[in-house]
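A.B. asks: Below is a structure I'd like to ask you about.
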Amino acid sequence: MNKVNVIATVGISLLGGLKRHNISVELPDEEIVKELLRVDHHTICAEVSSTLSFIRDQLTEEEPQDLYLLTSDTPDGKKIGNILKLYFQAFFRQVHVFSIENLNGEKPELFKNEGLRNLVKTIVQIVRVTSNRGDRCVINATGGYKA
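Numbering-wise, the sequence shown is residues 1 to 147 according to the UniProt record's numbering.
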């Protein structure tokens with residue numbers, strides 16, 4: 001069976017999902033994940049809905065291998081990345097989180113000149129490493145700020 005890795009961009013839509021489900025962002029990350037696992041994945045956030053729909057609908061003949069979450073270089077991005085890592089561990093062999101340096105919408109010049117370049121470099125590195133193992137990658141760019 002072929003193995004496929006998913007690279008997913010991550011935004012802050014999870015914060016809205018937590019609010020919709022009356023889950024406090026102040027809870028420990030593990031408690032947040034326990035609460036999230038009790039609700040319909042389609043209503044959590046773009047990253048969860050699209051990634052789970054993708055692996056269930058599109059990868060029927062391939063085994064999901066690793067998930068690579070690419071977050072913004074912000075405190076919210078790092079917290080959301082950790083929550084999603086814990087959430088997705090039940091669906092993937094391994095979940096990796098990369099905080100992309102200068103991928104921060106509050107610093108438009110750095111975002112444009114360095115953040116986007118760092119995002120592309122990270123994606124290329126992931127694709128190289130996984131292709132050297134004989135795996136392939138798909139990109140789910142649903143989450144996050146669209147330049």
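Cβ coordinates follow ideal geometry from the N, Cα and C atoms, glycine included.
Counting along the chain, where does the beta strand (DSSP E) carrying K34 start and finish?
C.D. replies: Per DSSP, K34 belongs to no beta strand (DSSP E); it is in the alpha helix (DSSP H), D29 to L36.
A.B. asks: Using the C-alpha atoms, what's the distance from D73 back to K85?
C.D. replies: Computed Cα separation, rounded: 16 Å.
A.B. asks: State the DSSP-derived secondary structure class of L69, mapped to helix, strand or coil.
C.D. replies: strand
A.B. asks: What residues in its chain sit with their C-beta under 6 Å from that of D135, if we drop five residues either side in the sequence?
C.D. replies: K3, N5 and Q65
A.B. asks: According to DSSP, simplified to helix, strand and coil, what is I123?
C.D. replies: In this structure, DSSP gives I123 a helical state, which the three-state scheme calls helix.
A.B. asks: Do D76 and I12 have their C-beta atoms closer together than 8 Å?
C.D. replies: yes
A.B. asks: Skipping 5 residues on each side, what residues in its chain have a beta carbon closer than 8 Å to that of N110?
C.D. replies: It should be pointed out that residue 110 corresponds to Leu in this sequence rather than to Asn. Counting only Cβ-Cβ distances below 8 Å, and skipping sequence neighbours, we find N102 and N104.
A.B. asks: What is the rounded straight-line gap between the Cα of H42 and the Cα of R20?
C.D. replies: 12 Å
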